[in-house]
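What follows is one structure encoded as structure tokens, with my remarks underneath.
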Amino acid sequence: MAYSFDSTALERAAKAARELERFPNAKEALELSRLQELTRQKEVEQQTKQLEAQIQAMKSDQTRIAEEERRKTLNEETKHARARSDYQDQLARKRAEDELAMKARMQEESLRKQEESVKKQEALRKSTIEHELALKHKYELEKIEAETKARAKAARENRDVNLEQMKLHEEENRKTVIEKIKTSGAVIGAGLQEFLSDKTKITAAVGGLTALAIGWYVAKRGTGKALAALL
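Going from the sequence shown to the numbering used here is simple: count from 1 and add 63.
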């Protein structure tokens, strides 16, 4: 705080000078008054300096306190900023962990679905193959059955035809034998008459001729066809 000039002191000095002029010892009184005023001014200056020192000390205290408050505020702000940063870092790590866990679950689910799809496709393929094999086996059985029936039918038809042919041939042979026997009656005489009247002999003769015919048929066509014809 700067020193300010006190105009009232000057006025008092001037007034004192005028008052002292009326007295014989005015000069000494004036000097004394001046000295007193100087003393008083020094006291005022000293008080002023003390006051300024106190004010400066207060300002220093205020500055120190403000600096301490600012430092505390900065420390608190730094502390809060660090806490916020730590919290944000924790949140970021938590989000990253959650994302990784979610990706892992999604990959696991995708793999599970792929495995299920492969299993279903394999089961479908196996079922299709089994169905195709079953149908093929069924068709083969039906084909074999149809071929067997056709062969059996053909065999029956051939047997019937062969039997009919054999019957016709036997009948022709029998008629031929009888005609020959009849035409040779003059030679055979009474023996032929006896032969014709005996059915047993006729049957035996026809059987022998039939055996001869079968032997001729077998020799001509083969044993297999002859047996098939008889069956």
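Ideal Cβ placement from N, Cα and C applies to all residues, glycine included.
Query raised in the report: Where in the segment 122–175 do unbroken runs of the beta strand (DSSP E), each at least 3 residues long, occur, reported from the N-terminal end onward?
Result: none
Report task. Helix, strand or coil for residue 96, going by three-state DSSP, please let me know. Result -> helix
Query raised in the report: Which value, in whole angstroms, describes the spacing of the CA atoms of residue 155 and residue 146?
Result: 14 Å
Requested in this report: Could you tell me the distance, in whole angstroms, from the CA atom of residue 234 to the CA atom of residue 194?
Outcome: 58 Å
Query raised in the report: How long is the line joining the alpha carbons of residue 144 and residue 165, rounded to whole angstroms?
Result: 31 Å
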